[in-house]
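Each residue of the sequence shown is one higher than the one before, counting from 884 in the working numbering. Where a beta carbon is used, it is the ideal one built from N, C-alpha and C, also for glycine.
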Amino acid sequence: MIPYRILIVDDDSIYRERLARSLRASGHEVAIAEGCESAVNTAQNFQPTAAVLDLRMPGMDGLACLKKLIDYHPDLKAVMLTGYGSIANAIEAVRAGAVDYLTKPADAEQILSALEGKKPSDSEEEVQPPSLERMEWEHIQRILHDHHGNISRTAEALGMHRRSLQRKLQKYPPRF
């Protein structure tokens, strides 16, 4: 594997530092940034070949940041990370230029595999269809995205009370 020059953009300092250490230990050159503005400034000097971006950050989100980085570095390979995975967000990230979309906490091995375009090996267990809870979560995320994050309009579209929707959104997404 060719070593990457990886820019990590994440507002969670503990995760950002841990991931940077792991990637450096794997032989890659790493720069870190706390937000999009810092990332764009760092990228001008660092000249990254890859980026790992958090989707939700204060100020400019990861998708907007990715678009700015790709404007400066068109060949940049990027992986989008989030703690709130949904199909709608994954599609939007790939359309913005990401090579993959992973849910947190993704480790260095998963990120490097995504940058290389590798999928989990066939020796792993057979892929199971998503659970009903997971499908519900993804449906809610898609409708929420369609209504631009407006909880009241999303609840109305789903035919549920706003507070019920808020309780569902406060829970972590189901894994499978």
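So is His1068 buried or exposed if we call it buried at 16+ other beta carbons inside 10 Å?
There is no way to answer for residue 1068, as the model of the chain reaches only from 884 to 1059.
Would you tell me roughly how many angstroms separate the C-alpha atoms of Ala926 and Leu938, rounded to the nearest one?
18 Å
Checking 9 Å against the spacing of the C-beta atoms, do Phe929 and Ala947 come in under that value?
no
Does Ile897 come out as helix, strand or coil in the three-state DSSP assignment?
helix
Kindly list the residues whose CB is nearer than 6 Å to the CB of Lys987, restricted to its own chain and excluding five residues on each side of it in sequence; keep chain order.
Excluding residues within five positions, the ones whose Cβ falls inside 6 Å are Leu964, Gly966.
Inspect the beta-carbon positions of Leu959 and Val935 and report whether they are closer than 9 Å.
no
Is Gly945 closer than 9 Å to Ala976 when the C-beta atoms are compared?
yes
Alpha-carbon spacing of Gly910 relative to Gln1049, whole angstroms:
43 Å
Would you say the segment 1023-1034 touches the segment 981-997, given that touching needs at least three Cβ pairs under 8 Å?
Touching, no.
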